[in-house]
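Chemist:
Chains as they are written, first to last, in the numbering used here: chain A, 35 to 343; chain B, 43 to 411.
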């Protein structure tokens, strides 16, 4: 009898469940729907549209006359695009390397139990809170030969001092590197500092007892254990480098000539001011390819890492 | 193998004194255990021996060399940490050989040493793995392997078993003891677990508030604690402390207790009770000294049978712990499980005071010898 009662009870619950479950089931979907729609339309929708346009002969207005890879051919024949790509290589490479190096060193120095660490950390991290436009404008003033560092040094008595990278087509890209490093290395420092704080203190003691000096300890034990932090920093920095637009716009506006253009500036100029939507779309697709080339291995290793745990 | 002498070691952080003049000296090959509640300074003392922390005052000698101001790597010691502190980016083999590599041992010698250690600890099959792929017990073994590889003069163990589950802890405890018997190297071992201390040590230093309360063999510490703290800390369940009045009976000093009825028990060290006549002292009685009446002990010199009121019984299989109240103090008794005990009843129990100890009620110091 008891058994029957139990069965009846469970039957009732089963009968009652679906109705209640359906609302509970639908709630998250309803809540998420607007975001999903917005993301699908505004991000992936326009991404696909751009991809489609890159295969057409669109100029001032989108047209749907497909011309195959012609826009890509034109793109890679275009001297300005080659300059922009080369600049991206130089700028991105130097920016990432210097940022990583400075960030790691700052983090290590800051991790030596120094006084006023909080204040110093804030000072180094603060540039990240500023928009690239502000950074670009400030560094434009600093690097301007007629009223920046060069003027200051001449007034200090160094009559022959020259620092005119900003107006030198061969050197202007390094100005971009200086400003971007100034902005982002504090952020890298914060990433590594968090990593260093997570290192087991006993591990460092063990290394000490094993006879490793401080440099060996960092080189052989602490920094290798921060490999995931290196990877995150690398991904974040490279996508900052690839999508850099505002820094160039504010600091050099692509000049002198187009010697400091980056791909994003090229894309903007052609798609929106020079009535070359097809060409602009093609350059946007190349940039997307660059981002994916970095992002896919990263996501792959992240997801695989989780499965390992 | 090396002896260890710690002379009047003090350690201060600003105003607070963590170590208040520690004096410990052990022979080469001895297994010393530093035991005490958290915050007693045992880990600080361990770090001072390792050279990871400077001492404010005093001297530390290893193998008759003054190493007070030597750097950790020059002391020729190895340490096993509570968190194991394995290097996560290196394989087990690299972890074990890292210390040798830092000492510029040639590669083939290093490999031979790794193999020797791996065989000794049975971790040969793990050598190519990374620490993240090991279980807790395996990591523990690797941490020990890393310490063994350098063949140092002395091993330091900092609570090495506290991250393991209970069963593994007992297993590893035996392993460590076997290892010590095989190697015969001096070991200093920090723990807060008094069972670990009892089972492993040649000598135990019981610490509290930055002072060594007592240094002695496990049996000495168990039988002859110098004060209430040591008596209460070592032994599980803990020693019972019963307030007792010193009375004179038939020309001898004895102690009056309040069990179910007032009971007078004899005490071995007569002289020590003399100044306390008419006053209260604390009688320290191990649980195994209060048992069911045992015929073979009947009529022995320091044995008294008394009725007690049972409050709680805790069967443990081998024994049954009976909780009662004597002179208002909670008292644990260890009974044979066949002896009928039941909460709420009054039963006869045998009190054996031949190994009882007495403490001053105010100072907590031992008064008999």
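Even for Gly, the Cβ is constructed at its ideal location relative to N, Cα and C.
Note that the structure is predicted; figures quoted are calculated from it, not measured.
Mapping the DSSP letters down to three states, classify residue 243(A) as helix, strand or coil.
Modeler: Note: residue 243(A) maps to helix in three-state DSSP.
Chemist: If you run the structure through DSSP and keep just helix, strand and coil, what is residue 231(A)?
Modeler: In the structure shown, residue 231(A) sits in a helix (DSSP, three-state: H, G or I).
Chemist: Which residues in chain A have a C-beta closer than 7 Å to the C-beta of residue 94(B)? List them in chain order.
Modeler: Under the 7 Å cutoff, chain A gives 239, 242.
Chemist: State the CB to CB distance for the pair residue 390(B) and residue 349(B), rounded to an integer number of angstroms; the pair is presumed to be in contact (CB under 8 Å).
Modeler: Confirmed, Cβ separation roughly 6 Å.
Chemist: Please classify residue 170(A): is it buried, with 16 or more other beta-carbons within 10 angstroms of its beta-carbon, or exposed?
Modeler: Buried.
Chemist: Just to check, is the beta-carbon of residue 160(A) closer than 7 Å to a non-hydrogen atom of the ligand PLP?
Modeler: Of the ligands one can find in the structure shown there are none, so the ligand PLP has no counterpart to examine.
Chemist: Output the boundary residues of the beta strand (DSSP E) element that contains residue 245(B).
Modeler: Residue 245(B) -> beta strand (DSSP E) spans 245-250.
Chemist: Run through chain A and tell me which residues come within less than 7 Å of residue 125(B), C-beta to C-beta.
Modeler: Result: 234, 236.
Chemist: Assuming contact is defined by CB atoms lying nearer than 8 Å, are residue 236(A) and residue 125(B) in contact in what I supplied?
Modeler: Contact flag set, yes.
Chemist: Determine which residues of the segment 129-140 of chain B have a Cβ less than 7 Å from any Cβ of chain A, and write them out in chain order.
Modeler: So the list reads 129, 130, 131, 140, given in the order they occur along the chain.
Chemist: Give the range of the beta strand (DSSP E) segment to which residue 365(B) is assigned.
Modeler: That run of the beta strand (DSSP E) goes 362-368.
Chemist: Is residue 259(A) close to chain B, meaning its C-beta is less than 8 Å from at least one C-beta of that chain?
Modeler: Yes, because at least one Cβ of chain B sits closer than 8 Å to the Cβ of residue 259(A).
Chemist: Give me, in chain order, the residues of the same chain whose beta-carbon lies closer than 7 Å to that of residue 344(B); leave out the 5 immediate sequence neighbours on both sides.
Modeler: Once the five neighbours on either side are set aside, the close Cβ partners of residue 344(B) are 308, 310, 394, 395, 396.
Chemist: I'd like to know whether the C-beta of residue 255(A) is nearer than 8 Å to at least one C-beta of chain B.
Modeler: At least one chain B Cβ lies under 8 Å of residue 255(A).
Chemist: Straight-line CA distance for residue 42(A) to residue 360(B)?
Modeler: Note that residue 42(A) has pLDDT 44, beneath the 50 cutoff, so the model's placement of it is unreliable and no number is given.
Chemist: Given a threshold of 16 other Cβ atoms within 10 Å of its Cβ, counted over all protein chains shown, does residue 335(A) qualify as buried or as exposed?
Modeler: Under this definition residue 335(A) is an exposed residue.
Chemist: Should residue 167(B) go down as buried or exposed, given a rule of 16 or more other Cβ atoms within 10 Å for buried?
Modeler: Answer is exposed; the Cβ neighbour count stays below 16.
Chemist: Would the segment 256-276 of chain A count as touching the segment 96-109 of chain A if we require 3 or more Cβ pairs under 8 Å?
Modeler: Result no; under three Cβ-Cβ pairs closer than 8 Å.
Chemist: Can you name the residues that DSSP bridges to residue 196(B)?
Modeler: DSSP output for residue 196(B) lists 119(B), 228(B) as bridge partner(s).
Chemist: Is residue 93(B) helix, strand or coil when you go by DSSP?
Modeler: The answer is coil: DSSP assigns residue 93(B) none of H, G, I, E or B.
Chemist: Closer than 7 Å by beta-carbon distance: list the chain B residues that pair up with residue 245(A), in chain order.
Modeler: Ordered by position in chain B, the residues that pass the 7 Å Cβ test against residue 245(A) are 115, 141, 144, 145.
Chemist: If we cut at 8 Å on Cβ distances, does residue 120(B) have a partner in chain A?
Modeler: Taking Cβ atoms only, chain A reaches closer than 8 Å to residue 120(B), which makes this a yes.
Chemist: My guess is that residue 327(B) and residue 295(B) are in contact by the Cβ rule of under 8 Å, so how many angstroms apart are they, rounded?
Modeler: About 17 Å; that fails the 8 Å criterion.
Chemist: Under the rule that 16 or more other beta-carbon atoms within 10 Å means buried, what is residue 254(A), buried or exposed?
Modeler: Residue 254(A) is buried by the Cβ-count criterion.
Chemist: Given residue 163(B), which residues of its chain have a CB within under 7 Å of its CB, disregarding the five upstream and five downstream residues?
Modeler: These residues qualify, in order along the chain: 183, 186, 187.
Chemist: Check whether the segment 258-266 of chain A touches the segment 219-237 of chain A, counting contact only when three or more Cβ pairs, one atom from each stretch, lie closer than 8 Å.
Modeler: Contact between the segment 258-266 of chain A and the segment 219-237 of chain A is present, because at least three Cβ pairs lie under 8 Å.
Chemist: Could you check where the beta strand (DSSP E) with residue 286(B) kicks off and where it finishes?
Modeler: Residues 282-291.
Chemist: For chain B, is any of its Cβ atoms less than 8 Å away from the one on residue 337(A)?
Modeler: By this cut-off, residue 337(A) is not an interface position.
Chemist: Do residue 48(B) and residue 119(B) have their CB atoms nearer than 8 Å?
Modeler: No; because the gap between Cβ atoms is not below 8 Å, this pair is not in contact.
Chemist: Given that a residue counts as buried once 16 or more other Cβ atoms are within 10 Å of its Cβ, and exposed if not, what is residue 145(B)?
Modeler: Exposed is the call here.
Chemist: Alpha carbon to alpha carbon, what distance is there between residue 163(A) and residue 62(B)?
Modeler: Rounded to whole angstroms, residue 62(B) to residue 163(A) spans 50 Å at the Cα level.
Chemist: With which residues is residue 391(B) paired in a DSSP beta bridge?
Modeler: According to DSSP, residue 391(B) bridges with 348(B).
Chemist: Would you mind working out which of 181(A), 74(A), 86(A), 269(A) sits nearest residue 129(A), comparing C-alpha positions?
Modeler: Of the candidates 181(A), 74(A), 86(A), 269(A), the one whose C-alpha sits nearest the C-alpha of residue 129(A) is 269(A).
Chemist: Could you tell me whether the Cβ atoms of residue 93(B) and residue 112(B) are closer together than 8 Å?
Modeler: Contact: yes.
Chemist: Which residue's Cα is closest to the Cα of residue 332(B): 219(B), 352(B), 159(B)?
Modeler: Residue 352(B) is the option with its Cα nearest to residue 332(B).
Chemist: If we count the other Cβ atoms within 10 Å of its Cβ and call it buried at 16 or more, is residue 294(A) buried or exposed?
Modeler: The residue in question, residue 294(A), is buried, as its Cβ has 16 or more Cβ neighbours within 10 Å.
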